[in-house]
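Trainee: Numbering (my numbering), first residue to last: 178 to 242.
Can you keep this structure in mind? I'll have questions shortly.
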C-alpha cells in the first residue's frame, strides 16, 4: 500500500497515473484505476488530501518507477 511507504519513496512522489495507481474503499472488494482523465491523475499520493486517503486504500500497479 502506498500509505505504508516512507513519505520520500518515489512511488509516493510520482504522478498517480504514471504509477498505475488503484484505490478502493476500505470495505470494498473491487479496485478502481486512476484514469488519465481524472482530475487527480497528475497528482502524487503525497498531494492527496484526507478525502482520498482516510477511507481508501491505495496501491501502485507499476513499481518500476
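By construction, the Cβ of each residue, glycine as well, lies at the ideal position given by its N, Cα and C atoms.
Taking all protein chains shown into account, do 16 or more other C-beta atoms lie within 10 angstroms of the C-beta of residue 211, making it buried, or fewer, making it exposed?
Mentor: Result: buried.
Trainee: Among residues of its own chain, excluding the 5 on either side of residue 236, which ones have a beta-carbon nearer than 6 Å to its beta-carbon?
Mentor: The residues are 178, 199.
Trainee: How would you label residue 207, buried or exposed, when you count the other beta carbons within 10 angstroms and need 16 or more for buried?
Mentor: Exposed, because fewer than 16 other Cβ atoms sit within 10 Å of the Cβ of residue 207.
Trainee: Return the bridge partner residues of residue 186 from the DSSP annotation.
Mentor: For residue 186, which the question treats as bridged, DSSP gives no partner whatsoever.
Trainee: What is the C-beta distance between residue 203 and residue 234, in whole angstroms, given that I count them as a contact (C-beta under 8 Å)?
Mentor: Going by Cβ atoms, the distance from residue 203 to residue 234 rounds to 6 Å, so yes, they are a contact pair.
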